[in-house]
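First comes the structure, then the notes that go with it.
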Amino acid sequence: MHVVLRKWSGSDAAELAGILSEDDVHEFISDLPRPYTQKNAMEYIAAALNSSDGNFQSFAIEADGRLAGCISAERGKNVYRMSAEIGYYIAKPLWGMGIATAAVGKLVQFIFDNTDIIRIYSTVFAGNAASARVLEKCGFRREGTLKCALVKNGRLHDAHIYALIKGETLQ
Ligand SMILES: CC(C)(COP(=O)(O)OP(=O)(O)OC[C@H]1O[C@@H](n2cnc3c(N)ncnc32)[C@H](O)[C@@H]1OP(=O)(O)O)[C@@H](O)C(=O)NCCC(=O)NCCS
């Protein structure tokens, strides 16, 4: 699959809403509106396009010319300013094709090549083996467990934190 990260376009809204109409995509990500409507998607895309301070960047993931998901990075504040947290999701019918691994790899390269960020990390629901595997395939290392850090659907979950330091694996 040919995977590219590109800017969002208003015309992605219907497909983005379609991707987020699938319950399983929501299981291990931050809470988003449910149902996720085309209006929600338009608002997200507008915010991504208008985010001007450079501290938050969101990209559409395109696989073989088709919208496949979303990946974003947010720079930390104050003493965390040389770190960035990433998050991502892929349309359920496209799971298991290497798209997230390719997208994370491309985002990491983009951040290390274009910013002064030296630490990229992601916190993963403890039950999210697929995402943990994606991060490991991209060279991230598990640093520890944040006990009861997440609450989702009325239940507490542990989070595993994975990080990649510039120069340690990729460069
Ligand atoms: C997690 C997610 C992004 C993975 O996307 P994807 O494009 O399917 O990922 P890839 O195909 O690049 O890689 C998935 C890897 O996980 C493995 N995997 C999948 N399900 C697994 C499971 N239950 N247990 C262990 N490994 C699993 C796959 O075999 C593959 O590894 P491999 O290449 O060594 O075989 C996707 O499932 C998703 O969008 N989930 C919902 C949102 C989410 O969890 N986002 C991440 C938040 S941190």
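According to my numbering, the sequence shown holds residues 203 to 373 in order. Cβ atoms here follow ideal geometry from the backbone N, Cα and C, with glycine treated the same way. Note that the structure is predicted; figures quoted are calculated from it, not measured.
Alpha-carbon to alpha-carbon, residue j and residue i
i: L372; j: A305; result: Because the pLDDT of L372 is 48, which lies under 50, any placement of that residue in the model is unreliable, and the question is left without a value.
i: I313; j: I319; result: 7 Å
i: K339; j: R208; result: 22 Å
i: M299; j: A265; result: 10 Å
i: M203; j: A302; result: 11 Å
i: G212; j: A332; result: 30 Å
i: A275; j: K308; result: 12 Å
Three-state class that DSSP yields for residue i in the structure shown
i: K209; result: coil
i: T303; result: helix
i: K354; result: strand
i: D360; result: strand
i: Y246; result: helix
Residues of its chain near residue i, where Cβ-Cβ distance is below 8 Å and the 5 sequence neighbours each way are ignored
i: L269; result: D214, E217, L218, I221, A262, I263 and A293
Any non-hydrogen atom of ligand 2 within 6 Å of residue i CB
i: V336; result: As for ligand 2, it is missing from this structure, which binds only ligand 1.
Residue i: CB within 6 Å of a non-hydrogen atom of ligand 1
i: G300; result: yes
i: W210; result: no
i: Y323; result: no
i: N330; result: yes
Any chain B beta carbon closer than 7 Å to residue i
i: V281; result: No chain B is present in this structure, which holds just one protein chain.
Cβ shell of residue i (< 7 Å), same chain only, five flanking positions each side left out
i: M284; result: D318, I319, I320 and R321
i: L348; result: T325, D360, A361 and I363
i: K368; result: F314 and I320
Cut-off 6 Å between Cβ atoms - residues of its own chain near residue i, not counting five sequence neighbours on either side
i: E224; result: K294
i: P237; result: none
i: G278; result: S285
- Touching or not, the stretch 243-255 and the stretch 283-297, by the rule of three or more beta carbon pairs under 8 Å? no
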